[in-house]
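S.K.:
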Amino acid sequence: MSSKNPYSQAAGAYVKMATATDQRTLEATVLLQSAQKLEELAQRLRDGEKVRLEEIGETLNHNQKLWQLFVSDMDNPGHPLPQELRNNVASLAFFVFKRTQEILVDTTPEKFQVLININRCIAAGLMKKPETAAAAPKQVPEARMAADSMA
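So the sequence shown is residues 1 to 151, counted in the working numbering.
1) So within the stretch 52-91, which uninterrupted alpha helix (DSSP H) runs reach at least 4 residues, ignoring any that extend past its ends?
2) Which residue comes first and which comes last in the alpha helix (DSSP H) that contains LYS129?
3) So, do the stretch 65-77 and the stretch 88-100 have three or more beta carbon pairs nearer to each other than 8 Å?
4) When you compare each of VAL105, LYS98, GLN33, HIS79 to ILE56 by their alpha carbons, which one comes out closest?
5) Using CA coordinates, which residue listed in HIS79, GLN101, ASN61 is at the minimum distance from GLN23?
6) Thinking ALA35 and ASN119 are a contact (beta carbons under 8 Å), I'd like their distance in whole angstroms, please.
7) When you compare the CB positions of ILE122 and LEU31, do they come within less than 8 Å of one another, or not?
8) From which residue to which residue does the alpha helix (DSSP H) around GLU27 run?
9) For THR59 and GLN83, I'd like the C-alpha separation in whole angstroms.
10) By a C-beta neighbour count over all protein chains shown, 10 Å radius and 16 as the cutoff for buried, is GLU27 buried or exposed?
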């Protein structure tokens, strides 16, 4: 795979960080990094900058690839999360995919905000210590409801 391939870049960054930190911190970090890239792109669009469609596509594709990795992980029968929570994460990922396509069809800075919010909300939940994350399953549906209300 080419080093320009967003999937390769996302997977490479994911694997590289996996050796340096725990899984939850890794996932939170890559979500926050992607949210930051989306935020910067949306701000440039709000400022009236003419952003190349290729750059918009690359940024959105990078975020989508991260969520594809999460969906693949949720499909693992040995995954430690309860099935209901895994289903919620998968459902949220499909919402991310749908919104990504909507942005590609009609690119406005406002449409990026829901993706940014989802990434940040999930990252915040992941950064909680497992002992205090007992309420985390409630956060995924709440993030989904927030996403639906912003759609």
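Ideal placement from N, C-alpha and C gives every residue a C-beta, glycine not left out.
M.R.: The answer reads as follows:
1) Fully enclosed alpha helix (DSSP H) runs of 4 or longer: 53-74.
2) First-last for LYS129: undefined, no H or E at that position.
3) yes
4) VAL105
5) Taking only the C-alpha atoms, the option nearest GLN23 is HIS79.
6) 4 Å
7) yes
8) 23-46
9) 30 Å
10) buried
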